[in-house]
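One structure is given here, and the rest of the page talks about it.
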Amino acid sequence: MDLRDKLNILGDAAKYDVSCSSSGSKRNSPKGGMGCGHSSGICHTWSADGRCISLLKVLFSNACKYDCAYCVNRRSNDIPRATFTPKELINLTLEFYRRNYIEGLFLSSAVIGSPDNTMELLIKVAKELRLVHHFGGYIHLKAIPGASSRLLFEAGLYADRSSVNIEIPSDRQLQYLAPEKNFASIYRPMNFLAERKLEYKTDKSKYSPKFLPAGQSTQMIVGASGETDFQILTLSAGFYKQQQMKRVYFSGYVPINADKRLPVITTKPPLLREHRLYQADWLMRFYKFEYNEILDEKNPFLDPDLDPKVMWALRHPECFPVDLQTADYEMILRVPGIGVRSAQLIVSGRRYSKIRLEHLKKMGVVLKRAKYFIYDNNVPRELRKLYPEMIRPLLLTGKPKSDQLDLFDNMPAALPAPQPSLTQTS
Amino acid sequence: MSLAIHYDSTFDGFLSAVFEIYRQRLDVSGFVPERTYEAENETPSDLFAVPFHVETSEESANRLKRAIVNAASKDVLGLLETCFRSENAGIEMDILAYLRKLFAGLDPNYGKNPSSLEMIPLITIARSVRREMDNMLGMVRFNKAPDGMYVAEIEPKYDILEMIVGHFRGRYPNGTWAIIDVKRCFGVYYENYRTHFVTVPDPNYISAHAPPDEFTRMWKSYYDTMAIKERLNPRLLRRCLPVRYWKHLPERSLSGNFQGRSDSMQTLPSTVAQANALASMRLK
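Those protein sequence lines, which keep their order, are chains R and Y.
When we follow the working numbering, the leftmost residue of the first sequence carries the number -7, and every step to the right adds one.
When we follow the working numbering, the leftmost residue of the second sequence carries the number 77, and every step to the right adds one.
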């Protein structure tokens, strides 16, 4: 098997992993080597499904000893298996990096032999890249569940980011779908890495070694087991707070295995649901929302028609309309249609002049949504109140629809469709 | 009588022109940059304006730069230069309108106000120039020439080559490489820890000497395997990776199953044309 076939098999096996960010790590090129870390990350290309490709995302091997129901590489699947040698993989990474195809390496692996054995192989690749080839690019190493803490620690010294995927958002479902795994075995490496990172953080010296400078991330599959959006958001909020995760990824379940424990194989991936979850995730990370503000026990699912920010605004008519001249930055951020950049521009600009609608239009504020939620001097006083039940249909259609003109909508068609006459005669 | 100011299309040239406008109290209707290539959207020439040529003078440009820094800030000067790189039609007049307000001195805080009606469009233009610059950091694709040099061709919408050079110098400090802006016929060449800006009369000559190799093909096939078939989303792809960049990205422009080197060079333009035609059909 030549290198190209191996790359295809092992790239194909890794593609369901969503994480591909290269951000959070700033590093100059090491002496005598090449490669640097760009703190905001760089996307190098986008694949035909519109997902960004920034790292060379491959498995070291796909010959797995586990049999997880949702995974394409499970033991019982009949697929071609391949394993890189460390040298091949290192050479490939360096050549791709040299041509600016990639930002670094994302290395994961199926479990071959034992978790420790697998983890050692991954570390070997990262260590050789860093120490022998003086590679300064981004390295994302997967922490293999069940690997010993000594190895996890060593991985953190060479990698920029590490991740353990939780995959299924509830413990019971996880044990049902993946008999070899449970929540405890996934939380253990996460907590270990988070604690070590905190220890290193207190050491502020420029020369002290860095431990996972870009932190941790994790991923969950959406739509494989029957969990609610509220459960998913609660879990991810916990990850951001307790494990200090940099990112939590959601992956709409793509049916790859026929298994009676999973949705049928013809199910379409829940792309819209995934999109709404990411929007909610953004609200938590950049818009200072709490998870229980976005959803609660009574409404456990996100609205497919409207984004979560609009939904929050409609549930809280008492907060609107917002006066842009005087409101807090946090409140301006909560106005639908105003993003982080526009909010900053408004706050820094209103010291010098009044912010009017024409300013907002030029800033790129989506007035189509924002206009219902901001205070406008031209509106009479008694109308300055938000009526969610009136605004919801307006936001859905985009423009007000007048009922008066639709004279012919409710009339019966001139010629009724011919009725099947067979039933009448018999 | 209104004048059309001709200048040498550099930022310094533009500033010298502004300096002369103030010094001689000229009545300006537009600017005509003397470019050797065609910009994305060329300014339509004003038939009734009288052409007026301004020589670039470093001294007057520097004086004006100092004045801008004093009246506003260093950031504003940088922002104006970034806007100028957009080469948009009429961008000179927008900058001039801002400078006129700035130097009029009616509002002492004008230089600090980021939300004045003249400043907001400049901020949005600068934002899109910076966005292309950031995207270009990932979209430069080097090919290896037989002599060990790495060559890349780019064709950005805005004039951003000078803005991205620093990044690549930090990334490949020990290599020998060149990045060529095919549209503007100039490039940067890095060797022995030094960068040189060079004009490239015939860009195709250089790329023909660094054809795609085995790693390019591996990259292409890796790229193809990464797409999840159930999630294909051509609209999202085109939004993230606009079609105008595809020509210089091997993963989008190489055909999947070519063998030899010679025919690869011939198939390259036709596949791009096909892809572009397909994309435009879908857009309709």
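The beta carbon of each residue, even a glycine, is placed where N, CA and C say it ideally should be.
Keep in mind it's a predicted model, so treat the numbers as computed, not measured.
- At a cut-off of 8 Å between beta carbons, isoleucine 71/R makes no contact with chain Y.
- Checking the DSSP bridge columns, you'll see asparagine 219/Y partnered with Val227/Y.
- Counting only runs that start and end inside the segment 116 to 175 of chain Y, the beta strand (DSSP E) elements of at least 3 residues fall at 126 to 129.
- Note that the C-beta distance between serine 191/Y and glycine 341/R is below 8 Å.
- Shortest Cα-Cα distance from valine 94/Y to any of Ala303/Y, Ala137/Y and Leu178/Y involves Ala137/Y.
- Interface annotation, proline 249/Y: in contact with chain R, CB-CB separation under 8 Å.
- Taking every protein chain shown into account, the CB of aspartate 273/R has 16 or more other CB atoms within 10 angstroms, so this residue is buried.
- Assignment of glutamate 208/Y by DSSP, reduced to helix, strand and coil, places it in the helix class.
- Phenylalanine 127/R carries a strand assignment under DSSP once its states are collapsed to helix, strand and coil.
- Within the segment 276 to 317 of chain Y, the complete alpha helix (DSSP H) segments at least 4 residues long are 279 to 284, 290 to 302 and 310 to 316, listed from N- to C-terminus.
- Listed in chain order, the non-local C-beta contacts of threonine 220/R below 7 Å within the same chain comprise Pro292 and Phe293, local neighbours out to five positions each way being set aside.
- With a threshold of 8 Å between beta carbons, phenylalanine 291/Y makes contact with chain R.
- Glutamine 223/R carries a helical assignment under DSSP once its states are collapsed to helix, strand and coil.
- Shown here for glutamate 194/Y: same chain residues with a beta carbon closer than 7 Å to its own, the five before and five after excluded, namely Ala173, Tyr174 and Lys177 in chain order.
- Assignment of tyrosine 179/R by DSSP, reduced to helix, strand and coil, places it in the helix class.
- Between isoleucine 286/R and tryptophan 304/R, the CB-CB gap stays under 8 Å.
- Excluding its 5 nearest sequence neighbours in each direction, tyrosine 113/Y has C-beta neighbours in its own chain below 7 Å: Lys259, Arg260 and Cys261, listed in chain order.
- Around phenylalanine 107/Y, the same chain offers Ile81 and Glu168 as residues with beta carbons nearer than 6 Å, after the five sequence neighbours per side are excluded.
- Excluding sequence positions up to five before and after valine 264/Y, its CB lies within less than 6 Å of the CB of Val241, Ile255, Thr271 and Phe273, all in the same chain and listed in chain order.
- Leu84 and Glu87: these are the residues of the segment 74 to 87 of chain R whose beta carbon lies less than 9 Å from some beta carbon of chain Y, given in chain order.
- Residue pairing by DSSP places tyrosine 241/R opposite Gln211/R in a beta bridge.
- At a cut-off of 8 Å between beta carbons, lysine 150/Y makes no contact with chain R.
- For glycine 263/Y, the closest Cβ of chain R is not nearer than 8 Å.
- Closest by C-alpha distance to tyrosine 93/R, out of Arg348/R, Thr37/R and Ser53/R, is Thr37/R.
- Put simply, of Glu350/R, Ile338/R, Leu298/R and Cys311/R the residue whose alpha carbon is nearest the alpha carbon of threonine 389/R is Leu298/R.
- Under the three-state reduction of DSSP, cysteine 311/R is assigned to helix.
- Residue pairing of aspartate 257/Y in beta bridges, as defined by DSSP: Ile230/Y and Phe262/Y.
- The beta carbon of glutamate 80/R sits closer than 8 Å to those of Leu(-5) and Lys(-2), all from its chain and outside the five residues before and after it, given in chain order.
- Contacts with chain Y at 8 Å (Cβ-Cβ) do not include tyrosine 279/R.
- Remark: C-beta atoms of arginine 153/R and glycine 3/R do not approach each other more closely than 8 Å.
- The beta carbon of proline 326/Y sits closer than 7 Å to the beta carbons of Arg217, Pro288, Thr292, Trp295 and Lys296 from its chain, once the five residues preceding and following it are set aside; these are given in chain order.
- DSSP, reduced to helix, strand and coil, places alanine 186/R within a helical segment of the structure shown.
- What leucine 213/Y touches in chain R, judged by beta-carbon distance under 8 Å, is His30 and Ile34, going in chain order.
- At a beta-carbon threshold of 8 Å, the residues of chain Y lying near valine 246/R are Ile304, Glu306 and Arg307, ordered along the chain.
- One Cα belongs to serine 13/R, the other to leucine 133/R, and the distance between them is close to 12 Å.
- Of all alpha-carbon atoms in Ala118/R, Gly128/R, Met382/R and Thr77/R, the one lying nearest the alpha-carbon of asparagine 20/R is that of Gly128/R.
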